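Structure, as structure tokens:
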Amino acid sequence: MAAAVPVVEDATKYLNALRSLKDYDPPFEIMGNYRLIDDGEKPEATIILKAKGRELHEAATGVGPVDALANVLKKALTPLFPQLQGVRLLDFSSRIFDPRAGTEAKVEVRIIFGDGERLWEVHAFSENINKASFWALVDGFEYAILLDQGRGPFNSASEGRK
Numbered sequence: 028m029a030a031a032v033p034v035v036e037d038a039t040k041y042l043n044a045l046r047s048l049k050d051y052d053p054p055f056e057i058m059g060n061y062r063l064i065d066d067g068e069k070p071e072a073t074i075i076l077k078a079k080g081r082e083l084h085e086a087a088t089g090v091g092p093v094d095a096l097a098n099v100l101k102k103a104l105t106p107l108f109p110q111l112q113g114v115r116l117l118d119f120s121s122r123i124f125d126p127r128a129g130t131e132a133k134v135e136v137r138i139i140f141g142d143g144e145r146l147w148e149v150h151a152f153s154e155n156i157n158k159a160s161f162w163a164l165v166d167g168f169e170y171a172i173l174l175d176q177g178r179g180p181f182n183s184a185s186e187g188r189k
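Numbering of the sequence shown is given in our numbering, commencing with residue 28 and proceeding in unit increments.
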């Protein structure tokens, strides 16, 4: 018997629908934007975010810019949302839309996340690959929090997968 193919939930579509509602209250909010210093050795990212009535300012390093951005988000959010400890970035890809635009081309970043039970993917777009990566990471972690709070599109890991 063939193994079941895991369902990858479209978190971007779900988050966009939620965000279009007037009464949507996100679990956290990025204040301003991120800062990324990448000297080619050990990239460092900083953010300021607001969650659960608290404003947090954090910094973290990583082996590359996307790792630094993921680390700073997890560092800031995990004390308030411990379920994020189990969230993993499983796949990362990017592509450009207009090859003729060269380095100014708009980029789509796609990330697949998992928490051991579910898989979800996010997409973000920008002319700046680091910016697209950051917003995709934000969406991935926001979706993970919503799932844990029972605010995801399915009430359990098996619902909707029959």
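Every residue, glycine too, gets a C-beta built ideally from N, C-alpha and C. Nothing here was measured: the structure is a model prediction, and the numbers come from that model.
List the whole-angstrom C-beta distance separating residue i from residue j, where the pair is believed to meet the contact cut-off of C-beta under 8 Å.
i, j, result
"residue 95", "residue 71", "6 Å"
"residue 169", "residue 54", "6 Å"
"residue 194", "residue 171", "Coverage of the chain is limited to positions 28 through 189, which leaves residue 194 absent and any answer about it impossible."
"residue 41", "residue 180", "5 Å"
If you drop the 5 nearest sequence neighbours on each side, which residues of the same chain put their C-beta closer than 6 Å to that of residue i?
i, result
"residue 100", "164, 168"
"residue 120", "137"
"residue 149", "38, 39, 138, 163, 166, 167"
"residue 176", "none"
Give every residue of the same chain whose Cβ lies closer than 8 Å to the Cβ of residue i, excluding the five residues on either side of it in the sequence, and list them in chain order.
i, result
"residue 134", "121, 122, 123, 124, 152, 153, 154, 155, 156, 159"
"residue 132", "123, 124, 125, 126, 154"
Closest by CA to residue i, which one among the options?
i, options, result
"residue 61", "88, 106, 129", "88"
"residue 75", "102, 52, 145", "102"
"residue 59", "84, 129, 47", "84"
"residue 104", "45, 36, 57", "57"
"residue 110", "144, 129, 82", "144"
"residue 118", "81, 66, 147", "147"
"residue 178", "82, 127, 46, 73", "46"
"residue 63", "129, 114, 90, 33", "90"
Do residue j and residue i come within 8 Å of each other at the CB atom, strictly closer than that value?
i, j, result
"residue 257", "residue 78", "Any answer about residue 257 is impossible in this case: the structure gives the chain only from 28 up to 189."
"residue 116", "residue 140", "yes"
Closer than 7 Å to a non-hydrogen atom of the ligand COA - does that hold for the CB of residue i?
i, result
"residue 80", "The ligand COA is not among the ligands present in this structure, which contains no ligands whatsoever."
Quick one: what's got a C-beta closer than 7 Å to residue i's C-beta in the same chain, skipping five residues either side?
i, result
"residue 112", "105"
"residue 130", "none"
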